[in-house]
Each structure stands twice: as structure tokens, then as C-alpha cells.
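Undergrad: Numbering (the numbering used here), first residue to last: 69 to 192. Virtual Cβ for every residue (Gly too), placed ideally from N, Cα, C. Before I ask anything, here is the structure I am working with.
So, in C-alpha cells, the structure goes:
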């Protein structure tokens, strides 16, 4: 298997399509439904990138990104984070950068963009 991507998305439909598209590109996909689960998964393993929905229950993507950037583990705190959001107009790229998000993809997802951005942040 290729690089490991952690996908945090509360929509099962988007999660499943994202999984299929990226698995086709030889990525290994681990999916969770909220930001707290992202932190739980990160505590137990390493990933090459995180796709982070901004609007999730329990802990949203902005808070989750801030917590990741605050981790003690250098490798984990510097993991590339790609925001996925249907409300991109509510945030500027500066807002994303402020919490440590590297790139963002607007919804509805363009799957060519998805693959390009994931390849870019994982140097694939």
C-alpha cells in the first residue's frame, strides 16, 4: 500500500467517494467522523496527510488543526492538513494558514483537484 491518509468527514457519502478515489491512486485511507477521532488516531499511528472537513460534530476542523499543530511530536505536528469545506466563503486562506492548514478543497469536491492536492502535499 502507498501513503496513509486520514480522512475526517462526517458525511458518509463524501467519505466513501474520497476513499474510492484515493485508493485508486494507491493511498491507504483511514476514515473518521470528527476532530476528536483524528487526534485519537494520530496518537496511535503515523499518517502522510490529513483531509479535514471544517464542519464536523464534537470538534471542528479548525480546532482540530490547531490541536495537531500544538502536538509535542515533531513529525505529527507538521503533517500536511488539507481542509475540505462547503463554507469556504466563511474562511480565507489566511484563516486556514493561521491554524496550520496547508491547502483547502471546496465542496462539492472536484476529484481531479482532490488527487492533485493530495499528491502535492504527500510529494507523491
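Our contact map puts residue 102 next to residue 133 with C-beta atoms below 8 Å; I'd like the distance itself, whole angstroms only.
TA: The count along the chain shown starts at 1 and reaches residue 102 at position 34. The count along the chain shown starts at 1 and reaches residue 133 at position 65. Residue 102 to residue 133, Cβ: 13 Å. No contact.
Undergrad: May I ask you to verify whether the stretch 114 to 121 touches the stretch 130 to 145, counting CB pairs closer than 8 Å and requiring at least 3?
TA: yes
Undergrad: Could you check whether residue 175 and residue 152 sit closer than 8 Å to each other, using their CB atoms as the reference points?
TA: One-based indexing of the chain shown puts residue 152 at position 84. One-based indexing of the chain shown puts residue 175 at position 107. For residue 152 and residue 175, yes; Cβs fall inside 8 Å.
Undergrad: Would you call the stretch 79 to 95 and the stretch 155 to 166 touching, i.e. three or more CB-CB distances under 8 Å?
TA: Flag = no, the stretch 79 to 95 and the stretch 155 to 166 do not touch.
Undergrad: Considering Cα atoms alone, identify which of 98, 80, 104, 94 is closest to residue 114.
TA: The sequence position of residue 114 within the chain shown is 46, counting from 1. With distances taken between Cα atoms, residue 114 lies closest to 98.
Undergrad: Starting from residue 80, follow the alpha helix (DSSP H) in both directions and report where the run begins and ends.
TA: The count along the chain shown starts at 1 and reaches residue 80 at position 12. Its alpha helix (DSSP H) spans residues 80 to 92.
Undergrad: When burial is assigned at 16 or more other CB atoms within 10 Å of the CB, is residue 126 buried or exposed?
TA: Taking the first residue of the chain shown as 1, we reach residue 126 at position 58. Counting Cβ neighbours within 10 Å, residue 126 comes out exposed, since fewer than 16 surround it.
Undergrad: Our contact map puts residue 171 next to residue 150 with C-beta atoms below 8 Å; I'd like the distance itself, whole angstroms only.
TA: Here residue 171 refers to the residue found at position 103 of the chain shown. Here residue 150 refers to the residue found at position 82 of the chain shown. The beta-carbon distance between residue 171 and residue 150, rounded to whole angstroms, is 5 Å. This is short enough to meet the 8 Å contact definition.
Undergrad: Give the secondary structure of residue 167 by DSSP, where H, G and I count as helix, E and B as strand, and everything else as coil.
TA: Residue 167 sits at position 99 when you count from the first residue of the chain shown. Coil, per DSSP.
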